[in-house]
Structure formats: structure tokens, C-alpha cells
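For reference, the structure is listed below as C-alpha cells.
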Amino acid sequence: MANLSINLHGLKLKNPVLTASGTFGYGVEFKDFIQLDKLGGFIVKGTTLKHREGNPYPRMAETPSGMLNAVGLQNKGVDYFISHIYPEIKDIQTNILVNVSGSTIADYAATAEKINALENIPGIELNISCPNVKEGGMAFGTSCTSAAEVVKAVRNVYKKHLMVKLSPNVTNIQEIALAVESAGADSVSLINTLLGMAIDIHKRKPLLSTTTGGLSGACVKPIALRMVWQVAKVVKIPVIGLGGIMCAEDAIEFLLAGASAVQIGTANFIDPTITMKVIDGLNSYLDNNHFNSVSEIIGII
Amino acid sequence: MKKILDLTVRENRRLNADSFLLVLFSPELPEIQAGQFVNVKVENSPSTFLRRPISVHNVEPEKGLLYLLIKIAGKGTEKLSQLACGEKLNVILPLGNQFTQPEQGRCLLVGGGVGIAPLLHLSKELKNKGLSPVVLIGTRTAKDIILQEEYEKYATVYYTTEDGSFGEKGFPTQHSIWNESFDHIFCCGPEPMMKAVAQRAYSKHIDCEVSLENKMACGIGVCLCCVNDTREGHKCVCTDGPVFNINDLKWQI
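Chain order of the listed sequences is W and F.
Under the working numbering, the first residue of the first sequence is numbered 129, with each subsequent residue one higher.
Under the working numbering, the first residue of the second sequence is numbered 2, with each subsequent residue one higher.
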């Protein structure tokens, strides 16, 4: 059995398999299916300073080898998370990261500061890439200046692992990655969903209430892989790869392209046990190819 | 506890042009309540990416049998309609809440189209509790009436057809059975029909539950795609539902 452990700029993972925010609830929804403490970690649903109802239904459309969503960061706010959810999950023996989003820089910082006080949350994933909100979200992640600005503001108040989730909806993702690295990010995760849309030709209406939404699933993998490879070439901080990982082989591709860890997202909807299969598959791959440690394959390409 | 099981197809019976009944077997079938659903993985259908949520039509726990009544609505359900005996079907179950089963009182179960599916399981449960449920089934025409004898095992069944070819002519809300008194109403079918039934129930001050079927991705309350706008905000149809009391919905009734 190969050594699967990874050190993400100080954040120690027992294996490089995490779950993507918005696809894994608060972890407990999966307890009938998997042992949560076997995960490298999980990233809970996007959390904002105040309660958000999200976008109107319909919020989801199935597309070839993927799906569009326009949930719009529905969540009960950070205070509810701290009082009601954190006590339920804090003793799960894995890394629990909170995905933090906001409409203003002040919102991001205030939310991050509240989470900084939670002993059993070793890091946050700063979401500057949500395509489904009118204000903030992706707007911060598509320019180097605003991306750096929000990361700096959060860095000032947040003392633990700061992962920044990047948007693929940019012309040059390397520039954005470098900007957030200089602003103090401990790692970058990519990609968030790709902006897309779908139309019902019989009703002659968009399938989503918001017209556009975020595309995820198997169909986005080649784009995600290319971006992870590009970013891993230029930044010194660890890169966490996600986008369309449906099996162990997909995850291995991301590691070879330069990701130090991966997140499984949409695949959790189809197979709630997929994370365990990816961990086992990665382990077999390393054994079969005579690698002693997963770190030996990271960034071979 | 939710399980992911590979169920074996025991029977795939075509009922009419677009509906079929799947009888599935597993020795590990968990307890399933009336109103719950399962999420089915469709194999070998390249354009079907997500699972398909399907209402539980009936269960025979002692035999390890699960019955799904399915209408062909697209590529996924079409593929399911081609399953042969002995083939496996990967299913996550049981999912969602359940109908609130009363201890007493007169129950009217109203179903339209394939929305009749969960009402068989409910009729059976109500009959087992010693209640005598009344089922009202609405279809377009006589040819659309399926599994009549199954419902008649557990309930007194009435019919409406839009063309008057069987039962009373019209929609379920126009049936003369509404002249009788009921204490509880359960409804599943197309949304306009459920809204009309809800209106009828509301005006007569009868307790009423409806089963919704919003588009969903995960079925376990994590993607937040299948929400319905309720008096307490957006609720997931997959975990807070599929059964809702009409008083909790924001329907204009």
C-alpha cells in the first residue's frame, strides 16, 4: 500500500481525495454510504454572511455528460452554520473546510473571521468564482485586481489554510492564480463551473430560471485538466484539481497534470460512494506502477 | 438507513403505449414507507447523465420485491423500459419523506396519469390499518387506465376520463364522489390537477397532502436543485418532500 498522504502547504491530508463544495452538503448526508473519516477532507456548501434563498426553480438542467446548475448559494448563513451545523460535524476525523462566498469584500472577510474561530475547521475555500449570483461571486474572480483585493482582505483576518477557488470563465487563468498567490493564498482549487445555458425548444424558453448557469460533470474534464496543468506550471503553492472527475483514472490524470489533491463533485450525485472508489483506485494504480507515494506522480506532465 | 443496491429485474410488464411496471428483487431491501421514492441509475444510455427519481408503487417486503410504475418520458425511462428479466438495476433507496397516515377518518386518494404510482402503496397501508380508502383516478381516456385490479384490492376506486369513455366524464375534481365527506386527501399527478385538488380540499377544510416531482440531481438533499418555494422558504423536494401539506406550499388556492 502506497503512502497517500499529502501536505498542502501545512494542511495535512490522509489522502488527496476531497469533495467539492455544493455537491456534498455538510458531509453527514453521505454517512449511510461511506465512512467520512476515510476522506482526505470535504468542503461544505458555500456559506455567506447572511441567509440566502438562492435562485428560483428550475435550477438544474441535464446536458450531454453533465449538468447545469443555478442554485445561487442557497444557505442559512454563517451564524447558523456555527450554531447548528458545526457542532454536528466537528468531530468527524477528517479535514472539514468551509467554502466562503460573499457579495462584498467586507462580507467575505466577516464570514472568514467568524470561521477562523472554529477549532476543528482547519481551512476555508474562498469562492471567488460562483457564476450564479448577481453580485460578487465570479465578479471577483475574473480580474486580477479584484481577486487579489478580496484574498488580501481575507488573509488579514483568516489565519489558517486559505484555499482560493478559481473561475474558468477567464481568458488567462494563470494570471489570476498568480495574483491570488501573491495576495496570500495557501493553495488554489480549480475549476469552478463553466458558464453555460440550455433551451427548451418546444416551450422556447431557457431551461434555467436564470437563463445561464454553471456547467459541471464529465464534459468539463478536458478543460479543467488543461487549466490545472497551466496553473501548476506557474504557481509555487499547491493546486487542487477538480472538474468532471468521475473515476480514479480521472483523478490520476489531474495529479499527473500537477494537482496535489483533487475534489470530487458532480460524480457524488450519481454514485455517493465514488470517493471511496477513487481512493482505492489511486492506491491500486500506485502499487501496480511501483510508486511508494502519491507525491511521486504529482506534476509528471 | 439508505442503501445502494443492485436489484434484479424479476418482471418488466408493458401496461400501455407509454407505461410499464418493473418488479425488482433484492434480499436486502430496506423498509420503505408509502410516498418515498428511489433514484435509479440508467446504464447504457449515453445522453442520461443523472439518476432518475421514481416513486415507489408497491413493496412486498416478505418477498424482497419492489414495484416501480414508470411512464416513458425521455431517453432514460425509455432505456429502463427495455430492461430484461435477470438484468440488474442500481438503485439508491429509500429516499424522501412519506405520506402522513391517519389513524382514523375517511381518506380520498386522487391520482392523475402516472401520479397514481405511489397511491397503491398508500392504499395498501391504509387498508392494513383498518381504514377503507377511496381512490379516484383521472385519465384522458379509458385506454390509459392501468392496473385497475391492483387498486381495487385495497380501495373503492372511482374513475374520470376526459372523453367520458370510462367512469365519469371530466377531471378528477369534477367527480360526484366530492359530494361525500372526507377527512384526509392525498394527491399525486400533474401540477394543475394537484392544484385543483388542493383548492377543493382547502375550500372544504380537508387536510391535504400532495406529492411533488421537481427535477433533481442528487436525491439526497445536497445539490439543492429540486427546491420548492414554501412558506418556510426553499425546501428540497428530495428530502423535505416529496410529500408536502398544501398549507406549507405557496400555491394560490
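From the three backbone atoms N, C-alpha and C, an ideal C-beta is built for every residue, glycine too.
Bear in mind that the values here come from a model prediction, so they are computed numbers and not experimental data.
Grouping DSSP H, G and I as helix and E and B as strand, with all else coil, what is residue i?
i	result
M325 of chain W	strand
R187 of chain W	coil
C347 of chain W	helix
I426 of chain W	coil
M2 of chain F	coil
L164 of chain W	helix
H122 of chain F	helix
Y154 of chain W	coil
P341 of chain F	Nothing about residue 341 of chain F can be read from this structure; chain F reaches only from 2 to 254.
L353 of chain W	helix
E163 of chain F	coil
A129 of chain W	For the sequence presented, residue 129 of chain W should be read as Met rather than Ala. Looking at M129 of chain W - three-state DSSP - the assignment turns out to be coil, as it is neither helix nor strand.
G112 of chain F	strand
A389 of chain W	strand
V223 of chain F	coil
I71 of chain F	strand
F26 of chain F	strand
D230 of chain F	strand
T9 of chain F	strand
V298 of chain W	coil
F50 of chain F	coil
S315 of chain W	strand
S310 of chain W	helix
M291 of chain W	strand
E44 of chain F	coil
M195 of chain W	strand
R283 of chain W	helix
F209 of chain W	helix
Going along chain F in order, which residues have a C-beta closer than 9 angstroms to the C-beta of residue i?
i	result
V199 of chain W	C224, L225, C226, V228
T401 of chain W	I5
M325 of chain W	By Cβ distance, chain F contributes nothing, its closest Cβ being about 16 angstroms from M325 of chain W, past 9 angstroms.
P144 of chain W	None at all; the shortest Cβ gap to chain F is about 22 angstroms.
P192 of chain W	P47, S48, F50
G345 of chain W	F50, L51
Under 7 angstroms: does the beta carbon of residue i sit that close to some heavy atom of the ligand SAH?
i	result
L81 of chain F	Of the ligands one can find in the structure shown there are none, so the ligand SAH has no counterpart to examine.
Near residue i, which residues of its chain fall below 6 angstroms by C-beta distance, leaving aside the five closest residues on each side in sequence?
i	result
V238 of chain F	L213, N215, C227, N229
I134 of chain W	L141, P144, S388, A389
G264 of chain W	G230, S231
E169 of chain F	T161, H176
Starting from residue i, find everything on chain W with Cβ-Cβ shorter than 7 angstroms and list it in chain order.
i	result
M195 of chain F	Those within 7 angstroms of M195 of chain F in chain W number zero; the least Cβ separation is about 16 angstroms.
Less than 8 angstroms between C-beta atoms, sequence neighbours within five positions excluded: which residues of the same chain meet that for residue i?
i	result
Q99 of chain F	Q34, A35, G36, Q37, V244
K361 of chain W	Q302, G386
D95 of chain F	The question names Asp, yet the displayed sequence has Pro at residue 95 of chain F. Closer than 8 angstroms at the Cβ level, and outside the excluded window around P95 of chain F, lie K3, P31, E32, I33, Q34, Q37, F38, V39, V57.
A199 of chain F	C188, C209, V211, I247, L250, W252, I254
C347 of chain W	T191, P192, S193, G194, G372
Determine the chain F residues that contact residue i at a beta-carbon separation under 8 angstroms, and present them in chain order.
i	result
E253 of chain W	Those do not exist, as E253 of chain W stays about 16 angstroms from chain F at its closest Cβ, beyond 8 angstroms.
Q202 of chain W	L225, V228, H235
Once the 5 residues before and after residue i are set aside, which same chain residues still bring their CB inside 7 angstroms of it?
i	result
V285 of chain W	A237, A240, E241, N244
I465 of chain W	What is shown of chain W runs 129 to 429, which leaves residue 465 of chain W out entirely.
I402 of chain W	I392, A395, N396
N177 of chain W	Rather than Asn, the amino acid found at residue 177 of chain W in this sequence is Leu. Closer than 7 angstroms at the Cβ level, and outside the excluded window around L177 of chain W, lie G205, V206, G230, D235, A238, T239.
Taking residue i as the query, report the chain F residues whose CB atoms sit under 7 angstroms from its CB, ordered along the chain.
i	result
N195 of chain W	Reading off the sequence, residue 195 of chain W comes out as Met, not Asn. Here the neighbours are F50, L51, A218.
P186 of chain W	K216
Residues of chain W with CB under 8 angstroms from residue i, in chain order?
i	result
K251 of chain F	Near K251 of chain F there are no residues of chain W at all, since even the closest Cβ is about 12 angstroms away, more than 8 angstroms.
Identify the contact partners of residue i in chain W, using a Cβ-Cβ distance below 9 angstroms as the criterion.
i	result
K42 of chain F	I398, D399
Please list, in chain order, the residues of the stretch 149 to 160 of chain W that have any C-beta partner in chain F closer than 8 angstroms. G150, T151, F152, G153, E157, F158, D160
The stretch 44 to 72 of chain F: positions lying closer than 7 angstroms to chain W by Cβ: Against chain W - using a Cβ distance shorter than 7 angstroms - the residues of the stretch 44 to 72 of chain F are S48, F50, L51, R52.
Taking beta-carbon pairs under 9 angstroms, can you tell me which members of the stretch 374 to 407 of chain W lie near chain F? In summary, the residues of the stretch 374 to 407 of chain W whose CB is separated from some CB of chain F by less than 9 angstroms are T394, N396, F397, I398, D399, P400, T401, in the order they occur in the chain.
Take every Cβ of the stretch 252 to 267 of chain W, pair it with every Cβ of the stretch 393 to 411 of chain W, and state whether three or more of those distances are shorter than 8 angstroms. no
Any residues in the stretch 210 to 227 of chain W with a beta carbon nearer than 7 angstroms to a beta carbon of chain F? Which ones, in chain order? none
Could you list the residues in the stretch 209 to 220 of chain F with a C-beta less than 9 angstroms from some C-beta on chain W, going in chain order? N215, K216, M217, A218, C219, G220
Segment contact, 8 angstroms Cβ cut-off, at least three pairs: the stretch 170 to 177 of chain W with the stretch 146 to 156 of chain W: Cβ pair count under 8 angstroms is three or more, so yes.
Using a beta-carbon distance cut-off of less than 8 angstroms, what residues from the stretch 76 to 108 of chain F approach chain W? Hits within the stretch, in order: I93.
contact_flag[the stretch 93 to 107 of chain F, the stretch 119 to 135 of chain F] where n(CB pairs < 8 angstroms) is 3 or more: yes
Would you check if the stretch 181 to 194 of chain F and the stretch 204 to 211 of chain F touch, i.e. whether three or more CB-CB distances between them fall below 8 angstroms? The stretch 204 to 211 of chain F vs the stretch 181 to 194 of chain F: in contact.
Any contact between the stretch 12 to 19 of chain F and the stretch 37 to 53 of chain F? By contact I mean 3 or more CB pairs, one from each, below 8 angstroms. no
Counting Cβ pairs, one atom from each stretch, are 3 or more of them under 8 angstroms apart for the stretch 124 to 140 of chain F and the stretch 68 to 88 of chain F? no
Could you run through the stretch 114 to 143 of chain F and flag, in chain order, every residue whose CB is less than 8 angstroms away from some CB of chain W? Of all residues in the stretch 114 to 143 of chain F, none places a beta-carbon less than 8 angstroms from a beta-carbon of chain W.
Would you check if the stretch 351 to 366 of chain W and the stretch 299 to 314 of chain W touch, i.e. whether three or more CB-CB distances between them fall below 8 angstroms? yes
According to a CB-to-CB cut-off of less than 9 angstroms, which residues of the stretch 161 to 182 of chain W neighbour chain F? Listed in sequence order: F161, K173, H179, E181, G182.
Give a yes or no on contact between the stretch 334 to 353 of chain W and the stretch 177 to 185 of chain W, applying the rule of three or more CB pairs nearer than 8 angstroms. yes
Taking one C-beta from the stretch 244 to 253 of chain W and one from the stretch 295 to 309 of chain W each time, how about it: are there three or more such pairs within less than 8 angstroms? no
Segment contact, 8 angstroms Cβ cut-off, at least three pairs: the stretch 161 to 168 of chain F with the stretch 126 to 133 of chain F: no
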